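Under this note's numbering, the first residue of the sequence shown is numbered 440, with each subsequent residue one higher. Where is the CB? At the ideal position from N, CA and C, for every residue including glycine. None of these values were measured; they are calculated from a predicted model.
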Amino acid sequence: MKVTFEAQKELIEKLEAYLAGSLSHEDIQKQAWNYANHSPKVPTPKESNFWATVFAIIHLADEQHWCDGCTKRDLMIFCHELKMSISI
440 MKVTFEAQKE
450 LIEKLEAYLA
460 GSLSHEDIQK
470 QAWNYANHSP
480 KVPTPKESNF
490 WATVFAIIHL
500 ADEQHWCDGC
510 TKRDLMIFCH
520 ELKMSISI
């Protein structure tokens with residue numbers, strides 16, 4: 440999958456909605472898995488923030504990590520980095 444600006448923007452919007460509490464763990468996980476199913480074996484440097492964010496969502500978007508604070512803290516950082524990489 441070629442990571443487009445639109446795909447990155449969509450992921451940022453979904454992630455922000457999740458972090459704000461308006462998207463469930465299951466919904467953000469589903470979004471991330473949809474992307475992960477098309478991930479390259481080796482991402483380009485330009486796409487590395489996108490793929491790192493996708494796989495961080497898969498590993499952190501659950502009730503246990505949400506309750507211990509890891510999800511919000513870490514995914515906020517990934518979201519910020521993704522935004523900076525596409526200059527939103």
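Where the alpha helix (DSSP H) containing residue i begins and where it ends
i	result
GLU455	444-458
ALA500	Note, ALA500: premise wrong, no alpha helix (DSSP H); not H, not E.
SER524	509-525
ASN473	464-475
Between the CA atoms of residue j and residue i - distance to the nearest angstrom
i	j	result
THR443	GLU486	9 Å
HIS477	MET440	5 Å
THR510	GLN468	12 Å
GLN503	ALA475	22 Å
ILE525	CYS506	30 Å
PHE517	HIS464	16 Å
ASN473	ALA495	14 Å
GLY508	VAL481	30 Å
ASN488	GLU520	7 Å
THR483	GLN447	14 Å
PRO479	ALA491	12 Å
For residue i, the three-state DSSP class (helix, strand or coil)
i	result
LYS485	helix
Rounded distance between the beta-carbons of residue j and residue i, thought under 8 Å
i	j	result
LEU454	LEU514	6 Å
TYR456	LEU450	The identity of residue 456 in the sequence shown is Ala, whereas the question assumes Tyr. The pair is not a contact, with the Cβ atoms about 11 Å apart (cut-off 8 Å).
VAL493	ALA459	So it is not a contact: roughly 19 Å between Cβ atoms.
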